[in-house]
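Q: Take a look at this one; I'll ask things after.
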Amino acid sequence: MKSGDHSTIDVPESGAVAKGKAPLIATPREQKSGLKKGMGIFDFLLRLGAIIAALAAAATMGTSDQTLPFFTQFFQFQASYDDLPTFTFFVIAMALTGGYLVLSLPFSIVTIVRPHAVAPRLLLFILDIVALTLTTAAGAAAAAIVYLAHNGNPNTNWLAICQQFGDFCQKVSGAVVASFVTVVVLMLLILLSGFALKKP
Numbered sequence: 001m002k003s004g005d006h007s008t009i010d011v012p013e014s015g016a017v018a019k020g021k022a023p024l025i026a027t028p029r030e031q032k033s034g035l036k037k038g039m040g041i042f043d044f045l046l047r048l049g050a051i052i053a054a055l056a057a058a059a060t061m062g063t064s065d066q067t068l069p070f071f072t073q074f075f076q077f078q079a080s081y082d083d084l085p086t087f088t089f090f091v092i093a094m095a096l097t098g099g100y101l102v103l104s105l106p107f108s109i110v111t112i113v114r115p116h117a118v119a120p121r122l123l124l125f126i127l128d129i130v131a132l133t134l135t136t137a138a139g140a141a142a143a144a145i146v147y148l149a150h151n152g153n154p155n156t157n158w159l160a161i162c163q164q165f166g167d168f169c170q171k172v173s174g175a176v177v178a179s180f181v182t183v184v185v186l187m188l189l190i191l192l193s194g195f196a197l198k199k200p
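Sequence positions in the sequence shown follow full-length UniProt numbering and run 1 to 200.
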């Protein structure tokens, strides 16, 4: 080896860099996109649960009816949801909420396909608040009537009727519980939309 010669060592480039490929590390935007997509999927599943709860509440209250025969078939005591305007309002409100949630499913799917789209998420956020308000009002009003049906109110001569109309009270109580399940799910949906709309 001559003194003027000097050897060099070639260091092979990594396969990813040599082929011009990006390293297998998720960028912050990709990570955020994956998180928002996961939120969209969770949003869709929550809406399915809320639909079941809302429609179950409306159907249970709408079919609550019990008749107690006394003496003859011409002299009977009957309890039905449409005897009280509060229960009628409950059925209408829960049916509207269930219908809205069904119509909101396509928008929820859009948030999965396009996780960075702001318009559908903002629309769902606003309409979910409206649905939450309506559902809470209906559930609270019906809960007050159910409480009176179970316990009565001596000051106003409101008699407790659940000892006689047990099946009726059981149905309306179940409907109220289902409405509050819907309220909780709607609250989760609103919180989820709020986090999804939050800028980094």
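The beta carbon of each residue, even a glycine, is placed where N, CA and C say it ideally should be.
1. So does the segment 88-99 actually touch the segment 46-60, counting three or more Cβ pairs closer than 8 Å?
2. Can you list, in chain order, the residues of its chain with a C-beta nearer than 6 Å to that of Thr-111? Leave out the 5 residues immediately preceding and following it.
3. Sort out for me which residues DSSP pairs Met-66 with in a bridge.
4. Using only CA atoms, which one of Asp-65, Gly-194 and Leu-48 lies nearest to Ser-104?
5. Which of the three DSSP states is assigned to Asn-155 in this structure?
6. Which residue from Asp-65, Ile-129 and Gln-163 puts its Cα closest to that of Ser-80?
7. In the structure shown, what three-state DSSP assignment does Val-172 receive?
8. Would you call the segment 174-183 and the segment 126-145 touching, i.e. three or more CB-CB distances under 8 Å?
9. How long is the line joining the alpha carbons of Ala-149 and Gly-38, rounded to whole angstroms?
10. Should Ser-108 and Phe-195 be called a contact, given that it needs their Cβ atoms to be closer than 8 Å?
11. Express the C-alpha separation of Cys-162 and Pro-154 in angstroms, rounding to a whole number.
12. Can you tell which of Val-118, Phe-87 and Ala-131 has the C-alpha that lies nearest to the C-alpha of Lys-171?
13. Hey, could you find the ends of the alpha helix (DSSP H) Leu-105 is sitting in?
14. Only counting the same chain, and skipping five residues up and downstream in sequence, which positions put a Cβ closer than 7 Å to that of Leu-188?
15. Give the DSSP-derived three-state secondary structure of Phe-165 in the structure shown.
16. Among Gln-164, Trp-158, Ala-138 and Asn-157, which residue has its Cα nearest to the Cα of Ser-179?
17. Leaving out the 5 sequence neighbours to the left and right, which residues in its chain are closer than 7 Å to Val-102 when beta-carbon positions are compared?
18. Apart from the five residues just before and just after Phe-165, which ones in its own chain have a Cβ nearer than 6 Å to its Cβ?
19. Quick check: what's the CA-CA separation for Gly-34 versus Leu-127?
20. My understanding is that Val-118 touches Leu-197, with C-beta atoms under 8 Å, so please give their C-beta distance in whole angstroms.
A: With the given structure in hand:
1. yes
2. Gly-40, Pro-120 and Arg-121
3. For the sequence presented, residue 66 should be read as Gln rather than Met. Partner(s): Ala-79.
4. Leu-48
5. helix
6. Asp-65
7. helix
8. yes
9. 44 Å
10. no
11. 15 Å
12. Phe-87
13. 85-113
14. Leu-46
15. coil
16. Ala-138
17. Ile-51
18. Gln-66 and Ala-79
19. 25 Å
20. 7 Å
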